[in-house]
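Worksheet: one structure, shown below.
Protein chains: 2
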Amino acid sequence: MFQLDIRERKPLYEQIKEKMKTLIISGALKSDEKIPSVRELAQSLTINPNTIQKAYKDLETEGFIYSVRAKGSFVTPLEQSKNYPGRDKLKQEFEKIVSELMYLKEPQEQLIALIKNIYEKKEVK
Amino acid sequence: MFQLDIRERKPLYEQIKEKMKTLIISGALKSDEKIPSVRELAQSLTINPNTIQKAYKDLETEGFIYSVRAKGSFVTPLEQSKNYPGRDKLKQEFEKIVSELMYLKEPQEQLIALIKNIYEKKEVK
DNA sequence: CTTTCTGTATCACAAATACTAATACAGTTA
DNA sequence: TAACTGTATTAGTATTTGTGATACAGAAAG
Numbered sequence: 055m056f057q058l059d060i061r062e063r064k065p066l067y068e069q070i071k072e073k074m075k076t077l078i079i080s081g082a083l084k085s086d087e088k089i090p091s092v093r094e095l096a097q098s099l100t101i102n103p104n105t106i107q108k109a110y111k112d113l114e115t116e117g118f119i120y121s122v123r124a125k126g127s128f129v130t131p132l133e134q135s136k137n138y139p140g141r142d143k144l145k146q147e148f149e150k151i152v153s154e155l156m157y158l159k160e161p162q163e164q165l166i167a168l169i170k171n172i173y174e175k176k177e178v179k
Numbered sequence: 055m056f057q058l059d060i061r062e063r064k065p066l067y068e069q070i071k072e073k074m075k076t077l078i079i080s081g082a083l084k085s086d087e088k089i090p091s092v093r094e095l096a097q098s099l100t101i102n103p104n105t106i107q108k109a110y111k112d113l114e115t116e117g118f119i120y121s122v123r124a125k126g127s128f129v130t131p132l133e134q135s136k137n138y139p140g141r142d143k144l145k146q147e148f149e150k151i152v153s154e155l156m157y158l159k160e161p162q163e164q165l166i167a168l169i170k171n172i173y174e175k176k177e178v179k
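So the sequence lines, in the order shown, correspond to chains A and B. Quick note, the first sequence lines up with residues 55 to 179 if you use our numbering. Quick note, the second sequence lines up with residues 55 to 179 if you use our numbering.
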């Protein structure tokens, strides 16, 4: 599914979260699609299942996946993720970064262009 | 200048960085304005000078302040901060967040409106 | 030149937190 | 029952965090 980099100073579970998010956001993983079980992925990456669990737990809290005991973990359908709890936090992060970029005299047109670009790219899929 | 919250689980130097950033970005601290010395602020907040030093060092790396030995630390003028090293990193963060928000079906008009709002507010000052 | 203020660097230590691991528990399915 | 799921508990280690003490270096003021 993907590889981890031990030499990276970033925690393993963070790396897992990022890769998984990328797969979900990019559309490589569809709604309700089953993702590898904690043990499966652990074996595949040669790390401890608990590390996977931590990553999955975070991803669930952030609304990207949902887990069902004895069944597995799955990608959250968009409709359900629309009003997930982390949304406001994300927006606050967004505002913070925009404020900083503004302080650095980044033209707002540039930021708006960036947004449009991102939205267009994904729409094409 | 500001207060810290010991009960906060966030590191002291992180709190200092944030408060200082806010003061700078909001315009409360002007370009080249002198900020408290490491020892001054340490005494004022009743913490160790090394903690302040760590915060200041980070802020300098991020381009918000500059320090001159034996003189003090000062707010980086906007012109100089235009091409500071952390800018690209910030933009990457920006793109990441926008991608996530898009996945959550946040309308791009909403994000654009947010940006305009932030830029307008500060412009008025 | 001496004193006194700046920032900076280094080393050390304790406490807290982060990270990973080992193991056991619990529910579902076949 | 067996074999798969996620989940919870516990534990040990590594890293981060905050602090302290001390020393160095440059600038300003007397």
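The beta-carbon is built from N, C-alpha and C at its ideal position, and this holds for glycine as well.
*Among A:Ile79, A:Met156, A:Ile169, A:Asn102, which one has its Cα closest to the Cα of Ile79 of chain B?*
A:Met156
_Please report the distance separating the alpha-carbon of Ile169 of chain B from that of Leu95 of chain A._
40 Å
_Cutting at 7 Å between CB atoms, please list the residues of its own chain near Lys73 of chain A, excluding the five before and the five after it._
Phe56
*Find the nearest neighbour of Ile119 of chain B within the set B:Ser91, B:Lys145, B:Ile172, B:Ser98, judged by alpha-carbon distance.*
Out of B:Ser91, B:Lys145, B:Ile172, B:Ser98, B:Ser91 has the C-alpha closest to the C-alpha of Ile119 of chain B.
*May I have the straight-line CA-CA distance separating Ile151 of chain A from Lys125 of chain A, to the nearest angstrom?*
39 Å
*Member of B:Pro103, B:Ile89, B:Lys175, B:Leu144 whose CA lies at the smallest distance from the CA of Tyr67 of chain B*: B:Pro103
*Tell me, which residues are paired with Ser121 of chain A by DSSP?*
A:Ser127
*Any idea if Ser127 of chain B is buried or exposed, counting beta-carbon neighbours within 10 angstroms, 16 or more meaning buried?*
Around the beta carbon of Ser127 of chain B, 16 or more other beta carbons lie within 10 angstroms, which makes this residue buried.
*asked:* If the cut-off is 7 Å on Cβ atoms, which residues from the region 99–133 of chain B count as contacting chain A, listed in chain order?
replied: Leu132
*Which residues of chain A have a Cβ atom closer than 7 Å to the Cβ of Ser153 of chain B, listed in chain order?*
Simply Ile79, Ile172.
*asked:* Give me, in chain order, the residues of the same chain whose beta-carbon lies closer than 8 Å to that of Thr105 of chain B; leave out the 5 immediate sequence neighbours on both sides.
replied: Leu66, Tyr67, Ile70, Ala96
_Boundaries (first-last residue) of the alpha helix (DSSP H) holding Gly140 of chain A_ = 140–157
*Phe148 of chain A at chain B interface by Cβ criterion, 9 Å*: yes
_Would Leu144 of chain A pass as an interface residue toward chain B - the criterion being a Cβ-Cβ separation below 9 Å?_
yes
*Find the residues of chain A that neighbour Leu165 of chain B, judging by a C-beta separation of less than 8 Å, and give them in chain order.*
Taking a Cβ-Cβ threshold of 8 Å, the residues of chain A close to Leu165 of chain B are Phe148, Ile169, in chain order.
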